[in-house]
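Asker:
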Amino acid sequence: MRRSTIRLITVLAAAGVGAGLVTGCSTKNQVPSIGYAVDAAVASYNGGSTLGASSGAAAVFGRVLTGFFYTGPDGQQVADTDAGTAKEVPGETQTVQYRLNPDGVYSDGVATSCDDLVLAWSARSGRFTRSGDRGQAPMFDAASTDGYDDIERVDCQPGSKDATVVFRPGRHYLPWRTLFTAAELMPAHVVAQAVGVPNVVDALQSGDGAVIGRIADFWNSGWTMAPGELDLTRFPSSGPYRIESFTAADGLVLVANEKWWGSAPETSRIVVWPKGTDYAAKAKENALGVVDLGAGSVTDLALEGFDEQTVPGRGAEQLVLGTGGVFARVETRRAFAQCVPRQALFDTLGKAGEVPPRGLGSGTLNSRVVQQDSLYYGAVSGAGDRYRGTDIPGATATLASAGTAQPTIRIGYLTPDARRAKTVAMIAESCRGAGITVVDAGAPDFTPAKLGEGAVDAVLGSTAAVPGPAGSATGVAAFAALRAGNGLDAGGFGNARYDAITDQLAGETDSTATLNLLTEAENLLWAQLPSIPLFATPRTIAFGNGMQNGIPGPTQAGTGWNMDRWVLQR
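For the sequence shown, the working numbering begins at 17 and goes up steadily by one.
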């Protein structure tokens, strides 16, 4: 599917209608290594963990760790038949038959198997808990349990290529294609070796809490990454690229995976330059071939010799608010929302070129869970209109009613980021009139987890507080980020009615019922204000002159979604 998609777009480009593609010249030489600037933070190999998902692992490792589906450039789920096939089986109980590619093998020589699916389900189902300071807590630090907690069992013989996933009776999970996806299907054999068991399938079914605890501990932290020496035996690849090295000086180096069974990557080496890189310096050094960054986040970035465009992303730029500390009272959250200059922020920082009359980037974002180009958006977004502009007298009165005098609000985000620094500055200037002090708490080591730790009061980021590429057409991460107990719920929001709505929406096929549920959800969220949406996050995406098959991907998968097809000629 991926290769046919690329072929179609390449043909269209040759005909002169493929936006964002720059065809090369046959007299030029192909560049053997392409630098890729993307503002995801490389923190974990495990895209299903809270750390991996909230740092943007999907935008970096989508062609290193393959799955049954990947996020395409329009935000849709696309089948990756190189990895395997997935098919719903007719019947009263929802059942999906997964079959991994018979030729599939990790870069360390170990065959892909259904063990990987059992590990993913076990880690993200929420079924394993242990005693903590506040009672029972999940063993696995999963970004989200959505969909996985609807699965009753995964039938798998250890080492087999086949798995049958059976959902709970009476439960039908419509977005099942978001399960077992790229950057989230992890190598179970690495875990088995690390914890000393023959295979994870039997270990997870054994009921041995100590063994399962060791599996969870590795799943949570065994794939954490930081620049420096990596034990590469823990990071095998199931995709066209594998990790060669990761250092601050040389970036994350991906090279062609010799064990890859699909079409070989067109360029044998990709150097990923993640958040924290001096992108301006790399551009001057001619070290970049593809750029995918938040618009306006780098002020001195000169992209001469690039085909550059700014587009609205699938991610929702937003403030995720804590539900404790200064924001423990909803009245304080409402007062803050009243002084945040949402319209001015869009006018100054949120526009991605010419503003369209409708769709993505058409104005201030009034929904957290519905995309602006959705047929439902116009009907569900009205509740946010009361917070479109600033209401300083109203904010002052709301604070007084809450008994909160001159609160200080610390807004955290991953630096450096010039646009988000300006966002905080504009909010601070506006809210000062209501007696609210706003502090810029951005830091180069910032993570959304600092909100739960009480180090900040709000997080500024895209969907699910991700610093870089984010969002999808399905909106699964957007829903999950406000669901009680999920790792992506950085602010600790919990509302039983909202959780019930999301459960029902996941299986709802009637459009009228869907509209009513979405409207109720947004009304509830605007009343409780666990977050404040601002605008569709604008992305600047650029391809160096001579690039072929460069296709913008302003989604959680980033523009690197098809990096194995990139060709740069100079």
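We put the CB at the ideal spot given by N, CA and C, even for glycine.
1) Thinking C-alpha only, which one of Gly576, Gln564 and Thr553 is nearest Ala311?
2) What is the C-beta distance between Ala158 and Pro483, in whole angstroms, given that I count them as a contact (C-beta under 8 Å)?
3) Let me confirm a value: Lys103 is counted as buried when at least 16 other C-beta atoms fall within 10 Å, else exposed. Which label applies?
4) Looking at Thr420: is its Cβ nearer than 8 Å to the Cβ of Thr348?
5) Within 10 angstroms of the Cβ of Glu538, are there 16 or more other Cβ atoms? Answer buried if so, exposed if not.
6) Am I right that Ala53 and Lys298 are in contact with their C-beta atoms under 8 Å? What's the rounded C-beta distance?
7) Might you give, ordered along the chain, the residues of its own chain that have their beta carbon closer than 7 Å to the beta carbon of Gly91, omitting 5 neighbours on each side?
8) With C-beta atoms as the reference, is Gly125 less than 8 Å away from Trp277?
9) On the three-state DSSP scale, how would you describe Glu301?
10) Alpha carbon to alpha carbon, how far is Ile50 from Ser527?
11) Classify Gly186 as buried or exposed, calling it buried when 16 or more other Cβ atoms lie within 10 Å of its own Cβ.
12) What is the DSSP secondary structure of Pro453, reduced to helix, strand or coil?
13) Roughly how many angstroms separate the alpha carbons of Gly40 and Asp308, rounded to a whole number?
14) Using only alpha-carbon positions, find the residue among Thr518, Glu260 and Gly338 that is nearest to Ala494.
15) Kindly indicate the opening and closing residues of the alpha helix (DSSP H) around Leu220.
16) Using only alpha-carbon positions, find the residue among Gly238, Val271 and Val327 that is nearest to Pro568.
17) Tell me the DSSP bridge mates of Glu347?
18) Does the count of Cβ pairs from the region 133 to 150 and the region 217 to 230 closer than 8 Å reach three?
19) From the DSSP output, which residues share a beta bridge with Ile443?
20) Mapping the DSSP letters down to three states, classify Ser547 as helix, strand or coil.
21) Do Ser141 and Tyr164 have their C-beta atoms within less than 8 Å of each other?
22) Please confirm whether Ser160 and Asn502 have their CB atoms less than 8 Å apart.
23) Please return the same chain residues whose Cβ sits closer than 8 Å to the Cβ of Thr431, not counting the five positions on each side in sequence.
24) Below 8 Å, how does it come out for the region 180 to 200 and the region 257 to 268: are there three or more Cβ pairs, yes or no?
25) Assuming contact is defined by CB atoms lying nearer than 8 Å, are Met202 and Gly64 in contact in what I supplied?
26) With DSSP as the reference, label Gln354 as helix, strand or coil.
27) Can you name the residues that DSSP bridges to Ile408?
28) Whose C-alpha, out of Ala242, Leu550, Glu282 and Arg250, is nearest the C-alpha of Ser383?
29) CB-CB under 6 Å to Trp272, same chain, minus the five flanking residues each way: which ones, in chain order?
30) Note down the Cα distance separating Leu415 from Gly341, rounded to an integer number of angstroms.
31) Just checking, does the region 503 to 515 make contact with the region 366 to 373 on the three C-beta pairs under 8 Å criterion?
32) Under 7 Å Cβ to Cβ from Leu317, same chain only, skipping five residues before and after it: list those, please.
33) Quick check for students: name the residue ranges of the beta strand (DSSP E) that lie wholly in the region 454 to 498, counting only runs of 3 or more.
34) Rounded to whole angstroms, what's the CA-CA distance from Ala204 to Asp131? Just pull it up for me.
35) In its own chain, which residues sit with a C-beta less than 8 Å from the C-beta of Asp287, not counting the 5 before and 5 after it?
36) Going by C-alpha distance, which of Leu541, Thr82, Arg555 and Gly576 is nearest Val346?
Answerer: On the basis of the supplied data:
1) Mapped onto the sequence shown, residue 311 falls at position 295. Nearest C-alpha to Ala311: Thr553.
2) Taking the sequence shown and counting its residues from 1, the one referred to as residue 158 is at position 142. Taking the sequence shown and counting its residues from 1, the one referred to as residue 483 is at position 467. With a Cβ gap of about 20 Å, Ala158 and Pro483 do not count as contacting.
3) Residue 103 sits at position 87 when you count from the first residue of the sequence shown. Lys103 comes out exposed.
4) Start at 1 with the first residue of the sequence shown, and residue 420 comes out as number 404. Start at 1 with the first residue of the sequence shown, and residue 348 comes out as number 332. A contact, by the Cβ cut-off of 8 Å.
5) Locating residue 538 in the sequence shown gives position 522, counting from the first residue. Buried, by the Cβ-count rule.
6) Taking the sequence shown and counting its residues from 1, one reaches residue 53 at position 37. Taking the sequence shown and counting its residues from 1, one reaches residue 298 at position 282. The Cβ separation is near 7 Å, so the contact holds.
7) Here residue 91 corresponds to residue number 75 of the sequence shown, with the count starting at 1. Within the same chain, Gly91 has close Cβ partners Arg330, Gly487, Ser488, Ala489 and Thr571.
8) Start at 1 with the first residue of the sequence shown, and residue 125 comes out as number 109. Start at 1 with the first residue of the sequence shown, and residue 277 comes out as number 261. No, they are not a contact pair.
9) Residue mapping note: residue 301 aligns to position 285 of the sequence shown, counting from 1. In the three-state DSSP reduction, Glu301 falls in the coil class, being neither helix nor strand.
10) On the sequence shown, position 34 is the one that residue 50 refers to. On the sequence shown, position 511 is the one that residue 527 refers to. The alpha-carbon atoms of Ile50 and Ser527 are separated by roughly 45 Å.
11) As a first step, residue 186 must be located in the sequence shown, where it is residue number 170. The residue in question, Gly186, is exposed, as its Cβ has fewer than 16 Cβ neighbours within 10 Å.
12) Here the question's residue 453 lines up with position 437 in the sequence shown. Here residue 453 turns out to be Thr, not Pro, going by the sequence shown. Strand at Thr453.
13) Position 24 of the sequence shown, counted from the start, is the residue given in the question as residue 40. Position 292 of the sequence shown, counted from the start, is the residue given in the question as residue 308. Its pLDDT being 42, under 50, Gly40 is placed unreliably by the model, and the measurement read from it follows with that caveat. If you take the alpha carbons of Gly40 and Asp308, they lie about 20 Å apart.
14) Mapped onto the sequence shown, residue 494 falls at position 478. Nearest of Thr518, Glu260 and Gly338 to Ala494, Cα basis: Thr518.
15) Counted from its first residue, the sequence shown places residue 220 at position 204. Where Leu220 is concerned, the enclosing alpha helix (DSSP H) stretches over Val216 to Gln221.
16) Looking up residue 568 in the sequence shown gives position 552. Nearest of Gly238, Val271 and Val327 to Pro568, Cα basis: Val327.
17) Within the sequence shown, the letter at position 331 stands for residue 347. Glu347 is not bridged to any residue.
18) yes
19) Start at 1 with the first residue of the sequence shown, and residue 443 comes out as number 427. For Ile443, which the question treats as bridged, DSSP gives no partner whatsoever.
20) The residue labelled residue 547 in the question sits at position 531 within the sequence shown. The answer is strand: DSSP assigns Ser547 an E or B state.
21) Position 125 of the sequence shown, counted from the first residue, corresponds to residue 141. Position 148 of the sequence shown, counted from the first residue, corresponds to residue 164. Going by C-beta atoms, Ser141 is nearer than 8 Å to Tyr164.
22) Within the sequence shown, numbered from 1, the residue matching residue 160 stands at position 144. Within the sequence shown, numbered from 1, the residue matching residue 502 stands at position 486. In this structure, Asn502 lies closer than 8 Å to Ser160 by Cβ.
23) In the sequence shown, counting from the first residue as 1, residue 431 sits at position 415. Scanning its chain for C-beta atoms nearer than 8 Å, with the 5 sequence neighbours on each side dropped, one finds around Thr431 the residues Ala437, Gly458, Ala459, Pro460 and Phe462, in chain order.
24) The region 180 to 200, when compared against the region 257 to 268, does not touch it at the 8 Å Cβ threshold.
25) Residue numbering aside, residue 202 sits at position 186 when the sequence shown is read from its first letter. Residue numbering aside, residue 64 sits at position 48 when the sequence shown is read from its first letter. Yes; because the gap between Cβ atoms is below 8 Å, this pair is in contact.
26) The residue given as residue 354 occupies position 338 in the sequence shown. Looking at Gln354 - three-state DSSP - the assignment turns out to be helix.
27) On the sequence shown, residue 408 is found 392 positions in, with the first residue counted as 1. BP columns for Ile408 are empty, so no partner.
28) Sequence index remark: in the sequence shown, residue 383 carries index 367 (1-based). Closest option to Ser383, Cα to Cα, is Leu550.
29) For the purposes of this step, residue 272 is identified with residue 256 of the sequence shown, where counting begins at 1. Rather than Trp, the amino acid found at residue 272 in this sequence is Ala. Cβ within range, chain order: Pro281 and Ser284.
30) Along the sequence shown, one-based indexing puts residue 415 at 399. Along the sequence shown, one-based indexing puts residue 341 at 325. Straight-line Cα distance between these residues: approximately 15 Å.
31) no
32) Position 301 of the sequence shown holds residue 317. Only Tyr295, Ala296 and Ala299 meet the Cβ criterion.
33) If we require 3 residues or more, the beta strand (DSSP E) runs fully inside the region 454 to 498 come out as 474 to 477.
34) Taking the first residue of the sequence shown as position 1, residue 204 is located at position 188. Taking the first residue of the sequence shown as position 1, residue 131 is located at position 115. Their backbone Cα atoms lie some 6 Å apart in a straight line.
35) Here residue 287 refers to the residue found at position 271 of the sequence shown. The amino acid at residue 287 is misidentified as Asp; the sequence shows Val. Within the same chain, Val287 has close Cβ partners Ser49, Ile50, Gly51, Tyr52, Asp266, Gly267, Leu268, Val269, Leu270 and Ala303.
36) Numbered from its first residue, the sequence shown carries residue 346 at position 330. Measuring from the Cα of Val346, the nearest candidate turns out to be Leu541.
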